[in-house]
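For the sequence shown, our numbering assigns the number 758 to the initial residue and increments by one for each residue that follows.
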Amino acid sequence: MAFVVAFCIGSGDLECGPPLTGAPRRGQELYRKMCAVCHGATGEGYAADDAPSLVSREWLASASDDFIRAAIAQGRRGTTMSSWSVKRAGPLSDADVDAVVAFLRTAQEPRLSNGPVHLDERPLSGDAAAGVDVFAKNCAGCHGARGVGGSAVHIGGLDFLQSASNGFLRYAVARGRHGTAMPAFLWKLGPSRIDGVVAALRGWQASMPPHSAGIARAAPLPLGPTPLHPSGPEPEGFHADPATTPVDVVKGQLDRGARMGILDARAPSDYLGSHISGAVSVPFYDPDPYLALLPKDTWLVCYCGCPHAESGQLAHKLVAHGFKKVTVLDEGINAWRARGYAMGAGVDP
758 MAFVVAFCIG
768 SGDLECGPPL
778 TGAPRRGQEL
788 YRKMCAVCHG
798 ATGEGYAADD
808 APSLVSREWL
818 ASASDDFIRA
828 AIAQGRRGTT
838 MSSWSVKRAG
848 PLSDADVDAV
858 VAFLRTAQEP
868 RLSNGPVHLD
878 ERPLSGDAAA
888 GVDVFAKNCA
898 GCHGARGVGG
908 SAVHIGGLDF
918 LQSASNGFLR
928 YAVARGRHGT
938 AMPAFLWKLG
948 PSRIDGVVAA
958 LRGWQASMPP
968 HSAGIARAAP
978 LPLGPTPLHP
988 SGPEPEGFHA
998 DPATTPVDVV
1008 KGQLDRGARM
1018 GILDARAPSD
1028 YLGSHISGAV
1038 SVPFYDPDPY
1048 LALLPKDTWL
1058 VCYCGCPHAE
1068 SGQLAHKLVA
1078 HGFKKVTVLD
1088 EGINAWRARG
1098 YAMGAGVDP
């Protein structure tokens, strides 16, 4: 195992060297199945929905195993990063999560392989009020106001801040993320103003209401009624995969009472939290339990939040199994929600 890891180390690439064995091999299988769609085949990031790099040397050096476990298991609410743990209705056991962490560690550089870098975990001494201004001028353009809503990592999100230590945050701002758009700010800001930025993040965290525990439900979820409007007319204006169909066209056909099925391609944890009203859960990474239950004579509309990555994979798999009336919701669930169209939550469609 040591030879295998050493061969691959330092490449910034999760897919190199001879075959892995043990937990890293299991983690590689799970990564390919569930993570690569957004984070990229080699962990380079930004394959879909601005999912960050997982092979940045600074990130691997400063992110503890516990931090990575929490991100995988709990997800990042308010983003398209799903909760993957079985405790959150995802498909991964604790051992599976550990295996993915072990796989990610195979990309770590030799000089970091003896352990993590030293992180400065001293109490914060920066000026939070000044940090708010520094953040607005230097960080908000990518991360969004108060660290959420931008194209970069939602560093102001509660899930992120609850698992990130002050030392981790200091290191990220000071050193940046090699191979990504995140620059190093040490020489521009200096330690004092970096401390102010971290203090500002902590101030925003303190003002956030706690997350609810979420809905516990074993995956896979049972398939709900499919299709909708079983005696309805054929939908009009749908475009077969690999083409997509606009949100407003699908909504118009629903209102018309057209016969169709709506398939939520995300992890079941996302479906339980919020889904298009009438949709059923058919995860992109494992549609097999549902294939015999889905009608082949009915249009099936796949959606996700990426807005096409996971739903596109589900659509391709359905087509490969002989389904011909398959389309992808063009703008995804976020556009549906933004228009005020009907939403549901929980296990019921």
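Virtual Cβ for every residue (Gly too), placed ideally from N, Cα, C.
Just so you know, these numbers come straight off a predicted model, no measurement behind them.
(Q) Let me check understanding here. Comparing Cα to Cα, which of LEU1020, GLY1101, ASP1005, TYR803 lies closest to SER1068? (A) LEU1020
Q.
The alpha helix (DSSP H) that contains ALA1028, what's its start and end?
A. According to the sequence displayed, residue 1028 carries Tyr and not Ala. Per DSSP, TYR1028 belongs to the alpha helix (DSSP H) from 1025 to 1030.
Q) For ALA805, which residues of its own chain have a beta-carbon under 7 Å away from its beta-carbon, when the five flanking residues on both sides are left out? A) Spatial neighbours of ALA805 in its own chain (CB-CB distance under 7 Å, excluding positions within 5 residues in sequence) are listed in chain order as VAL794, CYS795, CYS1063, ALA1066.
Q.
On a Cα-Cα basis, can you pick out the residue from GLY1035, VAL812, GLY784 that is closest to GLY797?
A. GLY797 has its Cα closest to that of VAL812, out of GLY1035, VAL812, GLY784.
Q) Taking C-beta to C-beta, are ALA931 and ASP884 nearer than 8 Å? A) no
Q) Run through DSSP, which three-state label would SER1038 get? A) strand
Q) With 16 other CB atoms within 10 Å as the buried threshold, where does LYS1081 fall? A) exposed
**Q.** Span of the beta strand (DSSP E), counted from its first residue to its last, around VAL857
**A.** VAL857 -> not in any beta strand (DSSP E); alpha helix (DSSP H) instead, spanning 851 to 862.
(Q) If contact is defined by three or more beta carbon pairs under 8 Å, each pair taking one atom from either stretch, is the segment 1034 to 1053 in contact with the segment 996 to 1006? (A) No: fewer than three Cβ pairs fall under 8 Å.
Q) Taking the Cβ atom as the reference point for each residue, do ILE825 and LEU861 lie within a distance shorter than 8 Å? A) yes
Q) Can you pull the DSSP bridge partners for THR1084? A) VAL1058
Q | Exposure label - ASP1105; buried when at least 16 CB within 10 Å | A | With fewer than 16 Cβ atoms within 10 Å of its Cβ, ASP1105 is classed as exposed.
Q | Nearest candidate by alpha-carbon position, reference TRP816, set ARG927, PRO992, TRP944 | A | Nearest C-alpha to TRP816: ARG927.
Q | ASN895 to TYR803 span [Cα, whole Å] | A | The straight-line gap from Cα to Cα measures roughly 21 Å.
Q.
Can you check which of these residues, GLU801, ALA846, ASP890, TRP1093, is closest to HIS935 by C-alpha distance?
A. Per the Cα distances, GLU801.
Q. GLN919: buried (16+ other C-beta within 10 angstroms of its C-beta) or exposed?
A. exposed
Q) Roughly how many whole angstroms lie between the Cα atoms of LEU869 and THR799? A) With a pLDDT of 47 at LEU869, under the threshold of 50, the modelled position of this residue cannot be trusted, and the question is left open.
Q.
Within 10 Å of its beta-carbon, does MET1017 have 16 or more other beta-carbons around it, so buried, or fewer, so exposed?
A. buried
Q) Roughly how many angstroms lie between the CA atoms of ASP1087 and TYR1060, to the nearest whole one? A) 8 Å
Q | Buried versus exposed, by CB contacts within 10 Å (16 or more), MET939 | A | buried
(Q) Assuming VAL843 and VAL891 are in contact, meaning their beta carbons sit under 8 Å apart, how far apart are those beta carbons, in whole angstroms? (A) Actually they are not in contact, since the Cβ atoms of VAL843 and VAL891 sit about 41 Å apart, beyond 8 Å.
Q. For LEU1020, does the three-state DSSP call read helix, strand or coil?
A. strand
Q) Apart from the five residues just before and just after PRO1025, which ones in its own chain have a Cβ nearer than 6 Å to its Cβ? A) ALA846, ALA976, LEU978, SER1038
Q | Under the three-state DSSP convention, the category GLY953 falls into | A | helix
**Q.** Three-way DSSP call (helix, strand, coil) for GLY1101 in this model
**A.** strand
Q) Which term fits SER810, buried or exposed, when burial requires 16 or more other beta carbons within 10 angstroms of its beta carbon? A) buried
Q. What are the boundary residues of the alpha helix (DSSP H) that VAL910 is part of?
A. Run containing VAL910: none; DSSP gives neither H nor E here.
**Q.** DSSP three-state assignment for SER819, whether helix, strand or coil
**A.** Helix, per DSSP.
Q) What residues are listed by DSSP as bridge partners for THR1002? A) LEU1086
Q) Hey, would you say GLY933 sits closer than 8 Å to PHE925, going by beta carbons? A) no
(Q) Once DSSP output is grouped into helix, strand and coil, what is the label at SER810? (A) coil
Q) Where does LEU876 fall in DSSP's three states? A) coil
Q) Out of curiosity, what's the CA-to-CA distance linking GLN1010 and GLU993? A) 7 Å
Q) The alpha helix (DSSP H) spanning ALA1074 covers which residue range? A) Just to set this straight, residue 1074 is Lys in the shown sequence, not Ala. First-last of the alpha helix (DSSP H) with LYS1074: 1066 to 1077.
Q) Cα separation between THR863 and SER821? A) Distance between the alpha carbons of THR863 and SER821 is about 14 Å.
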